[in-house]
Each structure stands twice: as structure tokens, then as C-alpha cells.
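Its first residue numbered 15, the sequence shown is counted upward by one per residue in my numbering.
Ideal placement from N, C-alpha and C gives every residue a C-beta, glycine not left out.
Step one of this worksheet: look at the structure below.
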Amino acid sequence: MKYLKHLFLILCLSIVSLVKAEEGMWLPLLLEKMNEKHMKSLGMKMSAKDIYSINSGSLKDAIVSFNGGCTGEIISSKGLILTNHHCGFDAIQNHSTLDHNYIRDGFWAANYGQEIPNQGMFVTFIVRIEDVSKQTLNGVTPSMTESERQSTIDKNISEIRKTAKKETYQDGFVRGFFEGNQYYMFITETFRDIRLVGAPPSSIGNFGKDTDNWMWPRHTGDFSMFRIYAGKDNKPTNAYSADNIPYTPKRSLSISLDGVAEGDFTLVFGFPGRTTQYLQSAAVEQIMTVNDPAKIAIREKALNVIDGFMRKDEQIKIQYAAKYAGIQNSYKKWQGEVLGLTSTNALNKKKTYEAEFQKRVNANPQWKAAYGNLLGDLEAAYAEIKPYGYARDYYNEIASKIELLTMGGWMNSLVTSYEKDGEKGYNQRLEQVKYQLGSLYDEYNSTVDQKLYEVLIKMYLEDQDAKYQSPLLRDIAGKRGNDYAKMAADLFAEVDLDNREATKARLEKPAAEVVNYYKSNPVVLLYKDMVNSYSTTVTKNLNDVQARVNKMNRSYMQAQIDVFREKTFYPDANSTLRVTYGKVKGYNPRDAVKYDHYTYLDGVMDKYKPADYEFDVPEKLRSLYQAKDYGQYGANGKMPVCFIAMNHTTGGNSGSPALDAYGNLVGLNFDRVWEGTMSDINYDPSICRNIMVDIRYVLFVVDKYAGASHLIKEMKLVHPKKK
């Protein structure tokens, strides 16, 4: 019996000790205290201070948040940035024309003068991180409502930012961690003159496109290069200037030519976007059975429409390439998420964890008083939120895919600005609307949008409860016998918002005339009715329940920390600088299938389909392969392309550097395996793997394929395994 009790205790501890060797997105300033010993046990040769230091140059000084949604790294003393092809794709697309198709052909600047500026693009460095929990939560009490609590926190944060020690060219922001139980301030430097230096053709940078997205084995050279420009004092500037010069960084990464082997230590440094590791089981079940399936269904319809047009028209292919990729990326990710959560029995694991939590809480009078009903209350709240969450996903997914409605929203904002602040308010808003319209029209086709309207409005009206729908839209459909093709044709024929020149000419007319016209415009009226019906039937109810859920989640997060004291907790990702580490390793996704940790150029040629949208291969790359002309970048007569490891990554880690035990660049993170995309909710080391381009393939493409050897000369190439 003693043996059985001892075994039971071990099993209980294994249930709650969920942080595996590979799991976690750790704050770099806490590595020395929390992770350094463990990292070294996995093979790391550098110190925590080599990774993060505010007193001397460290690896964090070579890492940037790239354009607010990806990560990049500095790979030369002249401010050269490496990031993913898909992170730089919008810029590549914006500079592409039928005559200069950089998507199809790639782009390589031969010198500084050929590097292309990108309006609105920026990169941000983290100068230092500080714990400001005490100051941020000053005056916050348990009796406060969520709005009162947030108001107090916002005021405190405003004061913290105002009094923070920083240079005039620096900024700072404060972000909450552990569901708002802790807060950290990040002092930043942002550069806004970022120029395109190089990008491979999509047949390399996006090889495999939709079919291979989120999949392993992978053979994608997903990279692009940009350069930071600064003022002559090497400080940030607010915009492009011909007088700006290449930035000299505090630190740039050395690049290893030795590659990695299975079991090697790897570290990924970057800005992961959003994870929810500590959700209660009812929330996870809702994601699996309600929210993800709804969004998958809508995006599948939208993708089918866009793909049909892109395959027939080269101009539409250019215009819609970025939009299609964005829609498809999440679509496939959510499919993998449901698959992974199901195959790893994540829901039952959550429930087992919660049972142990409840058992411990019930055994402690203090915890029972504070947390005794917490899980039950959360489950009830999630049941209440379920129909509103479904309606939210339907509205957001559908309304955002029909760009005519987006334009209607912008025109409505002109009306409201005029009614609120007269011509002054109207003129201020007009400049913003003109800019937004210009960007939209550059990548817009009315025929495509009309078909999207037809297909998606049908889903809006047929696949959700009528009480969450627009009454005006239901009336329009009823009068046309629910003929959605006719609905779409009538609307697009009646209005000219989809016509660039007509809209541009109208916006040059007097404000009163423009406002009077758009007040009664069918698209504006439809947009308003959809927004109003959503606001009254969904948003208010959803926000009320969500406020209660947020408060309970904050309590549940603190409760887990209190109850499972043997566990080391890491905060969910929130687009702040993090470190994740693990080892290079293959995996077994399903019965009788085993994946190796590496892919090679041989696999590219195996997938090659001449003239295929996804699997065509440039002639020069085929020639280099036939000649085995890999230069110093090949290994044992083969050209490495991609590898996988057990690093815990998510969106925002795109473009993150994969570093070896010494801190040298060995790869470029760009994806996760399909079976493991559920790592945002439930990391499982058996199938969760991140996918990286081997840095040697990047260098091979730059040097041997593109002939841009001048860029290679900027870099510091090393052989750490030959020490």
C-alpha cells in the first residue's frame, strides 16, 4: 500500500508538472534566475548574460520586432536584417508590377542606391525590460469592476511611461503578464527607414505554397533581407531620407556554417504573438468544437473563390497573393489545431489537471475560500459566452473578407466625422480615407469581391441564428428570393465604390455634397445595419460575459501559481521579447510514420512540377543541383534546406533566429508542423515542432543562385564545431 501511495503521488506530480524541457516562452531578463542551469544541461555553452544584458552588448541587441508582426535579426555591421519571405511579402508585392515582378523573379539590390524604401515599415529594438507590477497595480482593489480596475491601471501606466528613464529618441510600453497579475515595461528604439535589399523568387521563398504550408517535410527558402537606415548620428529617424545611412548596430549575429545534428541545443529569440496555455477545459472544448470549425468553414469558401480567379489571371494573382496567403495561413493552422488537440487528448489532460487542482484547493481552507468555486464558475461563463462567440466569429470573418463593406465603413466614418466636427473633422478623416482607399484599390478586383459577397453573405444568412443577423440584409435577400448571386450583382451594379476613379472624383467634391451622397448609399446603409445589429445583439452581451471571464481567468492564473508551487510557470505570449529553447529532433505524427529532422535540396527536386503554381523550380536552381555546385554551404555532397526542433514558437516568431549553443545563427524560424499547431493552447513535446530554414540554404541562395556575394561579404561566417 505504501508503494501504491508513493506511485500515486508521483503520478499526481507528473500530471501538474507540465513544463517540459522544451516548453515555454521565457522573459530574457529572468533567464539567469529561472532557466540558465537547465539550458546548460541541454547543451548551451553561453551564459544568460550573453543573451540579455543592459550593461553590455548581448544577443537581444541583434533582435528586432519586424513591422509589428514578425521578428528579424541583424546579420551584419551595416544594419542588414534577415526575416522571412512571408514577413517581407507585402513590401515585395507592393514593389511588383507586370514588368518588374519581384514575386515571380525575386529582387536583389546590387548596392545601397538600389535598395528600395518602404513607406510605413519599421523595426523596433528592446533596450531594456523592467518589472513595474507594483507601480502598475497601485490602488487596484479586489472590489473594483473590470472597467474601474483597467482605468486605474491605465492611469498608472501613463505615469510610468511619463517618468521612465529614457532618451528622447526612445519610447516605452507596459504590457500585462499572467492574465494581468504582473506587468513589465519595455524601453524601445524604433527605426522607420527600412529598405528592401533582397528576396528570392516565390518559387524558392514560398515553395510549396498552400499544400506545404504548416507541413513537414518542408523545402521552403522562406527568407528576405532588408536594411535599417539611420540618421548620420546613427539614431532613429521618423521616415525615409536620402541623407540617411546604414545603421551600425550594437550587436550583429555571427553565422554558423556547421549546421545542426539531432540532439543539438537550439534557442529561438523573438516576439511571439499570442498563446493561451492556461485556459480552463470548457474554453478549449469551445475552440475545438465551435470557434475553429466556424472560421475554417468561412475561410474555405473565401479561398476557393480567390484561388479560382488567381489561377486564371496573372494580375489578380499579384493583387491577391498576400491576402490569399493571410487567409490560408490561419485556415490551415486552425485545422491542425483541432487535429492536434484531438490526437493528443488535450481536453482530457486539461480535465485531469483541473481535478488535481480542485483536490488540492479543497484540502486547503484558505484556497477553498478563495478558489473553491472558480472552475465551476468559469465553466458556466463559457457556456454563456458560446453563442456570442460563434456570432462574433461569423461576423468578423465574413465582414472582413468583403472589401466593399470595408469601403462602406470608411465612407460612413466620413459622415460621422462631418456630423460631429464639421468640415474640420471631415477633412482630417478624408486624408486617412484617401490613403486607405489607395492601398486597397492597388490590390482590389471588383469581380472577385462581388463573388466573395455572393458566397459569404449566403453563409452569414443561412448558417447562424437569425437574431444575430442584419434585418436589412435579411429583407434584401427575401425580396430576391434568397438569390445571392442576384443580391451581389444588384448591389455592385447600383454603387460605384468599387470603381477607383469614380470614388476618387467624388471625394474631390465639397464635403456637404459627399456626406449627403454617402448617407443614403446602399453599401453604407448595409454596413451600418450590420454593425448596429452586431453591436446590439452580440457585442454588449459578449463584453459583459467576457469581463467576468477575464476576472476569473486572472484569479485562476494566480490560483495555479499558488497551488502548484512545484511548477515553474512562464507567461503566455503577448508580442513581447521572449526566448524559447530545446533540441533538434524528429517526430512520429501518427502510426507507422516517422519524420527525420532534416530536409535537403533533393526533396525540392522530388516535388518539382514544371510551371506548377506551387512546385515549380527555377532553372538556375535546377542547374546548381545537377552540378552539385553548393560551394561552402553544402554538407557531405548535399544541400541542407530545412530542419525542425522542439522550440515552443507561435505567430510573431516568424523570422526569429534559431541560434546554436554558442549563440551563432543556424536557422531562420518560419513555421510549425501541422500536427503541433495546437501548441498555442497545449504544448505537447511528442508532436510540437518548429520549422526553420537552414541558414546555409539562405546563404547558398544569396551567393550561388542570386550572385549577391556582396551581401555575404558583410556577414561574419564561423565554424563553431571546429573549435
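Q) For the 8 Å Cβ check, are there 3 or more pairs between the segment 656-676 and the segment 697-715? A) Contact between the segment 656-676 and the segment 697-715 is present: 3 or more CB-CB pairs across the two stretches fall below 8 Å.
Q) Taking S79 as the reference, which of P156, E203, N252 and F121 has the closest Cα? A) Position 65 of the sequence shown, counting from 1, holds the residue named residue 79. That would be E203, whose Cα lies nearest to the Cα of S79.
Q) Buried or exposed: where does D717 fall if 16 or more other Cβ atoms within 10 Å of its Cβ makes it buried? A) Indexing the sequence shown from 1 puts residue 717 at position 703. Buried, because 16 or more other Cβ atoms sit within 10 Å of the Cβ of D717.
Q. What do you get for P156, buried or exposed, if any count of 16 or more other CB atoms within 10 angstroms of its CB means buried?
A. The residue you call residue 156 lines up with position 142 of the sequence shown. Exposed: under 16 other Cβ atoms inside 10 Å.
Q: Note down the Cα distance separating L1 from E476, rounded to an integer number of angstroms.
A: Lying before the first or after the last residue shown, residue 1 is absent from the chain, which here runs from 15 to 737.
Q) For F279 versus L638, is the C-beta distance shorter than 7 Å? A) Your numbering for residue 279 matches position 265 in the sequence shown. Your numbering for residue 638 matches position 624 in the sequence shown. With respect to L638, F279 sits apart: the two C-beta atoms are not nearer than 7 Å.
Q. When DSSP labels each residue in this structure, what does D497 get in the three-state scheme?
A. Translated into positions along the sequence shown, residue 497 becomes position 483. Coil.
Q: Could you tell me if L725 is buried or exposed, where buried requires 16 or more neighbouring beta carbons within 10 angstroms of its beta carbon?
A: Here residue 725 refers to the residue found at position 711 when the sequence shown is read from its first residue. Burial call: buried.
Q. Would you report the Cα separation of K735 and V274, rounded to the nearest angstrom?
A. The residue labelled residue 735 in the question sits at position 721 within the sequence shown. The residue labelled residue 274 in the question sits at position 260 within the sequence shown. Rounded to whole angstroms, K735 to V274 spans 10 Å at the Cα level.
Q. Around the C-beta of H611, are 16 or more other C-beta atoms found within 10 angstroms, so that it is buried, or is it exposed?
A. Within the sequence shown, residue 611 is the residue found at index 597, counting from 1. Buried, since its Cβ has 16 or more Cβ neighbours within 10 Å.
Q: Give every residue of the same chain whose Cβ lies closer than 7 Å to the Cβ of G495, excluding the five residues on either side of it in the sequence, and list them in chain order.
A: Against the sequence shown, residue 495 aligns to sequence position 481. Excluding sequence neighbours, G495 sits near nothing in its chain.
Q. When we look at the beta-carbon of N49 and count the other beta-carbons within 10 Å, is it buried (16 or more) or exposed?
A. Here residue 49 refers to the residue found at position 35 of the sequence shown. By the 10 Å Cβ count, N49 comes out buried.
Q) Once you ignore the five residues that flank D113 on each side, which residues in its own chain have a CB closer than 6 Å to its CB? A) Stepping through the sequence shown from its first residue, residue 113 is reached at position 99. Excluding positions up to five away in sequence, the list is empty.
**Q.** Coil, strand or helix - D265 by DSSP
**A.** The count along the sequence shown starts at 1 and reaches residue 265 at position 251. The sequence given here places Arg at residue 265; Asp does not occur at that position. Three-state result, R265: coil.
(Q) Using C-beta distances below 6 Å, list every residue in its chain close to A105, excluding the 5 sequence neighbours before and after it, in chain order. (A) As a first step, residue 105 must be located in the sequence shown, where it is residue number 91. These residues qualify, in order along the chain: N132 and L210.
Q.
Pairs of beta-carbons, one from the segment 251-267 and one from the segment 554-572, closer than 8 Å: are there three or more?
A. No, the segment 251-267 does not touch the segment 554-572.
**Q.** Whole-angstrom C-beta distance between M60 and G677, which should lie under 8 Å
**A.** Reading the sequence shown from its first residue, position 663 is the one you call residue 677. Reading the sequence shown from its first residue, position 46 is the one you call residue 60. Cβ atoms of G677 and M60 come within 8 Å of each other, at about 5 Å.
(Q) Tell me the DSSP secondary structure of Q128 in three-state form. (A) One-based indexing of the sequence shown puts residue 128 at position 114. The answer is helix: DSSP assigns Q128 an H, G or I state.
Q. Does the Cβ-Cβ distance between F187 and V137 come in under 7 Å?
A. Here residue 187 refers to the residue found at position 173 when the sequence shown is read from its first residue. Here residue 137 refers to the residue found at position 123 when the sequence shown is read from its first residue. Contact: no.
**Q.** Residue range of the alpha helix (DSSP H) that includes F323
**A.** For this step, residue 323 is matched to residue 309 along the sequence shown. First-last of the alpha helix (DSSP H) with F323: D306 to M324.
Q: Going by DSSP, name the residue or residues bridged to C84.
A: What you label residue 84 is simply residue 70 of the sequence shown in a count that begins at 1. DSSP, once it has assigned bridges, lists F80 as partnering C84.
Q: Kindly confirm or deny that the segment 397-409 and the segment 554-562 touch, where touching means at least three C-beta pairs closer than 8 Å.
A: The segment 397-409 vs the segment 554-562: in contact.
Q) With Y584 and M39 assumed to form a contact (beta carbons below 8 Å), what rounded beta-carbon distance in angstroms separates them? A) Reading the sequence shown from its first residue, position 570 is the one you call residue 584. Reading the sequence shown from its first residue, position 25 is the one you call residue 39. So it is a contact: roughly 6 Å between Cβ atoms.
Q: Would you tell me roughly how many angstroms separate the C-alpha atoms of R514 and T420, rounded to the nearest one?
A: Position 500 of the sequence shown, counted from the first residue, corresponds to residue 514. Position 406 of the sequence shown, counted from the first residue, corresponds to residue 420. R514 and T420: Cα-Cα distance of roughly 14 Å.
Q. Taking C-beta to C-beta, are M729 and S90 nearer than 7 Å?
A. As a first step, residue 729 is located in the sequence shown; it is residue number 715 there, counting from the start. As a first step, residue 90 is located in the sequence shown; it is residue number 76 there, counting from the start. Taking 7 Å as the Cβ cut-off, M729 and S90 qualify as a contacting pair.
Q: Could you pull the start and end residues of the alpha helix (DSSP H) that F237 belongs to?
A: Taking the sequence shown and counting its residues from 1, one reaches residue 237 at position 223. First-last for F237: undefined, no H or E at that position.
Q.
Residues in the same chain with beta-carbon distance under 8 Å from L454, minus the five sequence neighbours each way, listed in chain order, please.
A. The count along the sequence shown starts at 1 and reaches residue 454 at position 440. Here the set comprises E417, T420 and M421.
Q) How is M199 classed by DSSP in three states: helix, strand or coil? A) Within the sequence shown, residue 199 is the residue found at index 185, counting from 1. Looking at M199 - three-state DSSP - the assignment turns out to be strand.
Q: Could you tell me the boundaries of the alpha helix (DSSP H) in which K415 lies?
A: Within the sequence shown, numbered from 1, the residue matching residue 415 stands at position 401. Where K415 is concerned, the enclosing alpha helix (DSSP H) stretches over L388 to K415.
Q.
With a threshold of 7 Å between beta-carbons, can F237 be considered close to chain C, or not?
A. Chain labels in this structure do not include chain C; a single protein chain is all it has.
Q) Anyone know if the C-beta pair for L281 and Y697 falls short of 7 Å? A) Counted from its first residue, the sequence shown places residue 281 at position 267. Counted from its first residue, the sequence shown places residue 697 at position 683. Their beta carbons are not under 7 Å apart, which means L281 does not touch Y697 by this criterion.
Q: Whole angstroms is fine: what's the gap from K581's alpha carbon to E37's?
A: The residue you call residue 581 lines up with position 567 of the sequence shown. The residue you call residue 37 lines up with position 23 of the sequence shown. Between K581 and E37, the C-alpha separation is close to 12 Å.
Q. Can N459 be considered in contact with the ligand NAP, in the sense that its beta carbon sits closer than 6 Å to one or more heavy atoms?
A. Among the ligands in the structure shown, none appear at all, so the ligand NAP cannot be discussed.
Q. In three-state DSSP terms, what is V154?
A. If you number the sequence shown from 1, residue 154 lands on position 140. Looking at V154 - three-state DSSP - the assignment turns out to be coil, as it is neither helix nor strand.
Q) With burial defined as no fewer than 16 other Cβ atoms inside 10 Å of the residue's Cβ, what is the status of L23: buried or exposed? A) Mapped onto the sequence shown, residue 23 falls at position 9. Confidence in L23 is poor, its pLDDT being 37 and thus under 50, which makes the residue's placement unreliable; the coordinate value appears in the next sentence. The residue is exposed, with fewer than 16 neighbouring Cβ atoms inside 10 Å.
Q. DSSP three-state call for V274: helix, strand or coil?
A. The residue labelled residue 274 in the question sits at position 260 within the sequence shown. Coil at V274, not helix or strand.
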